[in-house]
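According to UniProt numbering, the residues represented by the sequence shown are 1 to 201, in order.
Positions of the beta carbon are idealized from the N, C-alpha and C atoms, including for glycine.
Below: one structure, written as structure tokens.
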Amino acid sequence: MEYGFTQKLFGYFYHSSCMKQAAKQRLNINKKAIKQEYVSIMKNAKDIGKSRLMSSYCMGAYFIALNRKTPLSPEACFELYKNGLSSNKLFHMVLGNVDSYLDKKKMPGRLKWSADSHLRRYENDWVVDIIEGTPQDDFELGYDYHTCGICNLCRDEGCFELAKYLCRMDYVLADMMQMKLIRTKTIAEGADLCDFRYGRK
């Protein structure tokens, strides 16, 4: 895919967050090698157009690069990623909070995104159904992902086993936004879909 401004911006953001955390932990890491590997992965990745989840696609690419270019285990890479993003104040601002995320005014845009995703214009992009919670449900907003861009990218890069670590980041992000996430299965663990259900804590 084209390595443009968006991919550079997300790459810089993830890289700076993780390298600040690495410095705190006094880890001896080759920053340049990780950055170069990220660029290489993104250039080789299949295009997903102007996907709403480009940030997640880039997050997956950077996690792969981190695993390849450090001596750390996948678990240690996950902890580095998690702690780096959690301590980034700008990341908290960009994420928003539970009220902004669960705003009912966003539903029409989400439904259009879902309909567009089922056209499957891009092989590696996410395909999603949106589920709006009812008063009887224990969630307000749900997603059923039938395909996952991160899983596709990891599979293409020959490291599908890394995808499950990125799945864990969903709980971290939900917690940062003061949301409750319930999920019973993921594609990364062999299920037919990922069932996200978001609500208020």
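Check: Taking the alpha-carbon positions, what's the residue 28 to residue 22 distance?; Outcome: 8 Å
Check: What are the boundary residues of the beta strand (DSSP E) that includes residue 195?; Outcome: 194-200
Check: Please go through the same chain and pick out, in chain order, the residues whose beta-carbon is closer than 6 Å to the beta-carbon of residue 17, but skip the five residues on each side of it.; Outcome: 84, 85 and 88
Check: Can you give me the C-alpha to C-alpha distance between residue 129 and residue 69, rounded to a whole angstrom?; Outcome: 36 Å
Check: Please name the residue or residues paired with residue 186 in a DSSP beta bridge.; Outcome: Answer is none; residue 186 lacks a bridge partner.
Check: At which residue ranges does the stretch 30-59 contain complete alpha helix (DSSP H) runs of 4 or more residues, listed in the order of the chain?; Outcome: 31-44
Check: Indicate whether at least one CB of chain D lies closer than 8 Å to the CB of residue 61.; Outcome: Absent here is chain D; the protein component of the structure consists of one chain.
Check: To test your reading of the DSSP string, which unbroken beta strand (DSSP E) runs of 3 or more residues are found completely within the stretch 77-159?; Outcome: 127-132 and 141-147
Check: Can you give the Cα-Cα distance for residue 45 and residue 177, rounded to whole angstroms?; Outcome: 30 Å
Check: So residue 56 and residue 150 are in contact, right, with Cβ under 8 Å, and what is the actual spacing, rounded?; Outcome: 6 Å
Check: Just to confirm, are residue 174 and residue 198 a CB contact at a threshold of 8 Å?; Outcome: yes
Check: Taking DSSP's pairing of strands, which residues face residue 208 in a bridge?; Outcome: An answer regarding residue 208 cannot be provided, because it is not within the stretch 1 to 201 covered by the chain.
Check: Where does the unbroken alpha helix (DSSP H) through residue 174 begin, and where does it stop?; Outcome: 163-176
Check: By how many angstroms is the C-alpha of residue 11 removed from the C-alpha of residue 90?; Outcome: 15 Å
Check: With distances taken between CB atoms, is the gap from residue 140 to residue 102 smaller than 8 Å?; Outcome: yes
Check: Tell whether a beta-carbon distance below 8 Å holds between residue 41 and residue 65.; Outcome: yes
Check: Can you tell me whether residue 36 is buried or exposed? The criterion is at least 16 other CB atoms within 10 Å of its CB, across all chains shown.; Outcome: exposed
Check: Within 10 angstroms of its Cβ, does residue 184 collect 16 or more other Cβ (buried), or is it exposed?; Outcome: exposed
Check: Less than 8 Å between the beta carbons of residue 98 and residue 168, yes or no?; Outcome: no
Check: For residue 125 and residue 51, which I take to be in contact (beta-carbon distance under 8 Å), what is that distance rounded to the nearest angstrom?; Outcome: 5 Å
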